[in-house]
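Here the structure is laid out as structure tokens; the discussion comes afterwards.
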Amino acid sequence: MTINRRTLMTCAGLAAVTAAAGALPEAKAAAATPQSIPPFPGALRRKIGDITVTALLDGYLDVQDSLLVGFDAADARNLAESAFQAPGPQRIPVTAYLVNSGGNLILVDAGTADTFGPTLGRLPEALRAAGVEPSDIDMLAITHLHPDHINGALAPDGSALFPNAELMVSETDYRFWHHDSFLSQADEHARGFFLGARKGVAAYRDRLNLFTDNTEIAPGLHAVALPGHTPGHTGFRIESGKDSLLIWGDVAHIATYQFARPDWGISFDTDVDQARATRKKVLDQVATDRLMIAGMHLPFPGFGHVARQGSSYRFVPAEWPYTL
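Here the working numbering is used: the first residue of the sequence shown is 1, the next is one more, and so on.
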């Protein structure tokens, strides 16, 4: 809300106060307020039945158009304008989700640490804002082993940031990133992804658990195979009472484009065609079932629904539950 003299004078009580005290000194004081104020840590929670899920903002990054596969500039410009976004690079968040079932404290993904610059690596601050210390986490469940999902699991010295957490990783994803022949064929950029995935897992090797598709990794939390972005890319479905939530990882990266144009992939997809097929399948399922979703790169806090719009879809952010 923008507060100015006209806004204040619409309230009779405030009008009386400003008339007696004078508005100009107040305006001067407001002008002296620092223009740059550190943002509040991003930690927003909602209930899924008896389970509490907290969105934790690690930060944001800007995705260049050149990273999109199937991108059409004129179409993108129209989509951006219809979404009240500027054409060009799209800013997306990096989000993790804290799942509190009452018996377990599970962190789904861990953000980036300091590997992508100063706009990221805020997960520890967000955890503290939620009243949680790294030592409180029982389980770290990873959707896939890309650096913006696993690197934040490490402390600056390379040790495990979450000293009491078991690490849950898809067996398929683990085997892909640890396959030496794939590593040897990777270019310099991709090689960094392989080495980063291995480093993140190595810090938790004594408490590493590999799961297969549809495994219940904790009460009320099931792994859902969503391959394509990586071979073992996984979502986690939470069910409690009559409520359900699918934390879908990286099914979509840019809400402005990929709901309306699910054919558009991103160059980080290991298998663009399979990722496209998975995206279309999931969009259809969650729209049909009216299932709430949460995504690591959807507009923060990332909770919402998918609605059909002709032959495509649109993201509908969830109304915030003002009480818990």
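Heads up, the beta-carbon is just placed ideally off N, CA and C, and yes, glycines get one too. Every value quoted in this text rests on a predicted model; they were computed, and no experiment measured them.
Give me the DSSP bridge partner(s) of M292.
L245
Reduced DSSP secondary structure (H/G/I, E/B, other) of S327:
Outside the shown range of the chain (1 to 324) lies residue 327, about which nothing can therefore be said.
Uninterrupted beta strand (DSSP E) stretches inside the segment 54-121 (no shorter than 3 residues)
90-100 and 105-108
Start-to-end residues for the beta strand (DSSP E) that takes in Y313
S312 to P317
Within its chain, find whatever has a CB closer than 7 Å to the CB of F176; leave out the 5 residues flanking it on each side and keep chain order.
F182, T230, P231 and G232
Tell me the start and end of each unbroken alpha helix (DSSP H) in the segment 122-210 that is at least 4 residues and wholly inside, in chain order.
123-129, 147-150, 171-177, 180-185 and 188-202
Starting from A260, follow the alpha helix (DSSP H) in both directions and report where the run begins and ends.
Careful: A260 lies outside any alpha helix (DSSP H) and carries neither H nor E.
Answer with buried or exposed for W248, where buried requires no fewer than 16 other C-beta atoms within 10 angstroms of its C-beta.
buried
Specify, as a first and last residue, the run of the beta strand (DSSP E) that S267 falls within.
Careful: S267 lies outside any beta strand (DSSP E) and carries neither H nor E.
Helix, strand or coil: which one does DSSP assign to A307?
For A307, the three-state secondary structure derived from DSSP is strand.
Sort out for me which residues DSSP pairs T52 with in a bridge.
Per DSSP, K47 and N100.
Would M139 and A155 be called neighbours here (beta carbons separated by less than 7 Å)?
Contact flag unset, no.
Note down the Cα distance separating S240 from D187, rounded to an integer number of angstroms.
Cα-Cα distance, rounded: 44 Å.
Round the Cβ separation of L56 and A96 to the nearest angstrom and send it over; I've been treating them as touching at under 8 Å.
5 Å
May I ask which residues mark the beginning and end of the beta strand (DSSP E) holding L221?
L221 to A225
Reduced DSSP secondary structure (H/G/I, E/B, other) of A252
Here A252 sits in coil by DSSP.
Below 8 Å on the Cβ atoms is my contact criterion, and I expect R261 with D75 to pass it. Report the Cβ-Cβ distance as a whole number of Å.
7 Å
Considering only C-alpha positions, which residue in the set Q85, A80 and I142 is nearest to V99?
I142
Could you check what DSSP says for T230 in three-state terms: helix, strand or coil?
Here DSSP, grouped into helix, strand and coil, assigns T230 to coil.
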